[in-house]
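In this note's numbering, the protein residues as written are 1 to 409.
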Ligand code: SAJ
């Protein structure tokens with residue numbers, strides 16, 4: 001394998017492309033956005049991720065990586081484009097179960113089909129509903145007249161890295177590889193062996209798709225349980241953080257952390273891919289999603305409660321990113337809280353040390369500015385910068401709502 005095309009230069013595709021390029025392969029990075037291509041060509045990246053700027057520059061300077069808008073003939077193709085939720089979804093009785101929007105995956109497969117050659121390998125990395133590789137990607141590629149499994153190889157290899165630790169986890173994490181036949185699985189394994197140091201487990205294509213979805217569903221359902229327990233603890237006057245800490249001393253218990261909701265592009269989305277495949281069989285998964293989606297409204301109710309006696313209170317929302325110490329605001333529950341607070345008529349200020357000004361409503365440029373004169377401080381993201389919030393309070397009368405248990409010792 002000498003030359004690969006990576007389609008989609010986002011959070012996963014860009015580090016993956018740069019990683020292959022710095023491990024000796026010739027890489028064409030492909031993105032449909034002319035702005036992204038232009039920016040990358042000038043050596044600048046459009047994503048904040050520790051170490052990524054340096055890695056991409058090294059890949060470009062080595063001459064091993066180039067960037068363009070359409071794929072070129074290559075030995076292998078990796079699809080790493082988004083699979084957003086299709087809000088219209090499918091009806092399940094009275095409820096709507098959102099399903100995956102496969103538009104980007106299909107467009108990527110169609111562009112690969114224009115340059116596909118006998119002997120090529122195509123790998124899908126995007127998180128996808130069960131059956132996508134065989135039922136959606138394969139037919140598009142086979143319209144070329146080439147046959148999957150004999151003329152070209154096809155596999156699914158989910159990305160499993162955590163934003164904020166992508167470069168390290170790309171190399172060290174275990175990978176699952178599932179091909180449409182053994183030869184495809186083996187070719188994909190060989191490809192990733194260029195830089196993956198973790199174990200590579202081989203399986204079939206549908207199992208590989210399902211494993212990825214199960215991992216994030218496990219997390220979502222467990223977070224929902226933590227959120228539900230936190231609601232009950234609140235009503236009972238029990239400190240949920242201490243209670244969880246004690247329960248988790250049991251060797252077989254790992255209660256997750258309650259919070260303002262579940263954000264990011266994965267955990268709030270992937271469970272729906274399983275649910276949409278069999279709505280009647282997934283009441284637990286669907287309920288967990290609803291519990292986690294209801295969390296921002298609960299935070300707003302807490303704010304209303306805390307400020308009931310104050311006329312026209314000012315609320316400082318601290319943290320916009322979906323989780324600690326990243327700049328990523330995709331599906332961030334903090335944004336939902338902000339919106340709901342504004343809708344309820346609160347005067348709001350928001351601050352996040354990682355998110356550029358102008359991203360969210362009423363954003364200010366310093367923590368001091370955010371908390372001065374505020375009546376209620378709502379800690380929405382557990383960034384390190386907020387750890388000493390209590391000692392920075394402008395007055396002891398300011399209520400703090402710590403949705404993350406970040407200030408609990
Ligand atoms: N959260 C809680 N309570 C918790 C844990 C997380 O409220 O106990 C919230 C976070 O604050 C955040 C959201 O859930 O809003 C998701 O954060 P996360 O750190 O759990 O996960 P992601 O979305 O950043 O990355 C996940 C990872 N999956 C798992 O840990 C099973 C990562 O390995 C995957 O690669 C990624 O999804 C993905 O691409 O699917």
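C-beta atoms are modelled at their ideal positions from N, C-alpha and C, and glycine is treated no differently.
Treat the numbers as computed from the prediction; the structure is a model and nothing was measured.
- Selection 18, 96, 99 evaluated against residue 60 yields 18 as nearest (Cα-Cα).
- Per DSSP, the unbroken beta strand (DSSP E) holding residue 200 starts and ends at 200 to 204.
- Shortest gap from the CB of residue 48 to any heavy atom of ligand 1: 8 Å or more.
- By the criterion of at least three beta-carbon pairs nearer than 8 Å, the region 370 to 380 is in contact with the region 309 to 321.
- In this structure, residue 85 lies near residue 101, with their beta-carbon atoms less than 9 Å apart.
- In terms of side-chain proximity, the C-beta atom of residue 332 is found nearer than 8 Å to a non-hydrogen atom of ligand 1.
- Judged by beta-carbon spacing, residue 300 lies within the 9 Å limit of residue 337, meaning their Cβ atoms are closer than that value.
- Where residue 351 is concerned, there is no enclosing alpha helix (DSSP H), although the beta strand (DSSP E) around it starts and stops at 347 to 351.
- Per DSSP, the unbroken beta strand (DSSP E) holding residue 155 starts and ends at 153 to 156.
- Going by beta carbons, residue 139 and residue 273 fall outside the 9 Å limit.
- Burial state of residue 227 is buried, judged by a 10 Å Cβ sphere holding 16 or more other Cβ atoms.
- Relative to ligand 1, even the nearest heavy atom lies 8 Å or more away from the CB of residue 252.
- Under the three-state reduction of DSSP output, residue 24 falls in the coil class, being neither helix nor strand.
- A distance criterion of 8 Å places the beta-carbon of residue 323 in contact range of ligand 1, judged by its closest non-hydrogen atom.
- In terms of Cβ geometry, residue 30 and residue 8 form a close pair [threshold 9 Å].
- Relative to residue 46, the option among 223, 15, 380 whose CA is nearest is 15.
- Bounds of the alpha helix (DSSP H) holding residue 271 are 270 to 277.
- Under the DSSP assignment, residue 191 falls in the alpha helix (DSSP H) whose first and last residues are 182 to 192.
- Boundaries around residue 287 are those of the alpha helix (DSSP H), 283 to 293, since no beta strand (DSSP E) includes it.
- Segment contact: the region 345 to 363 against the region 71 to 86, fewer than three CB-CB distances shorter than 8 Å; contact not assigned.
- With a cut-off of 8 Å on Cβ pairs, the region 233 to 250 is not in contact with the region 199 to 206, counting fewer than three such pairs.
- From the listed residues 161, 166, 190, 204, the smallest Cα separation to residue 180 is found for 204.
- Three or more beta-carbon pairs separated by less than 8 Å link the region 177 to 193 to the region 156 to 166, which places the two stretches in contact.
- Residue 218 counts as exposed, since fewer than 16 other C-beta atoms from the protein chains shown sit within 10 angstroms of its C-beta.
- In the assembly as shown, residue 323 is a buried residue. Its beta-carbon has 16 or more other beta-carbons within 10 Å.
- For the 9 Å CB-CB criterion, residue 289 and residue 260 do not form a contact.
- In this structure, residue 40 places its C-beta atom within 9 Å of the C-beta atom of residue 67.
- Secondary structure at residue 261: coil, using DSSP grouped into helix, strand and coil.
- Counting of Cβ neighbours within 10 angstroms places residue 208 among the buried residues, the total reaching 16 or more.
- Taken through DSSP and simplified to helix, strand or coil, residue 384 comes out as helix.
- Comparing alpha carbon positions, the residue from 161, 117, 335, 239 closest to residue 215 is 161.
- Using a Cβ distance threshold of 9 Å, residue 258 and residue 230 count as a contacting pair.
- With respect to the 9 Å criterion, residue 236 and residue 296 are not classified as neighbours on the basis of their beta carbons.
- Taking a C-beta distance under 9 Å as the contact criterion, residue 136 and residue 266 do not qualify as a contact pair.
- Contact between residue 347 and residue 317 is absent: CB atoms are separated by about 11 Å, not below the 8 Å threshold.
- Under the DSSP definition of a beta bridge, residue 402 partners with 379.
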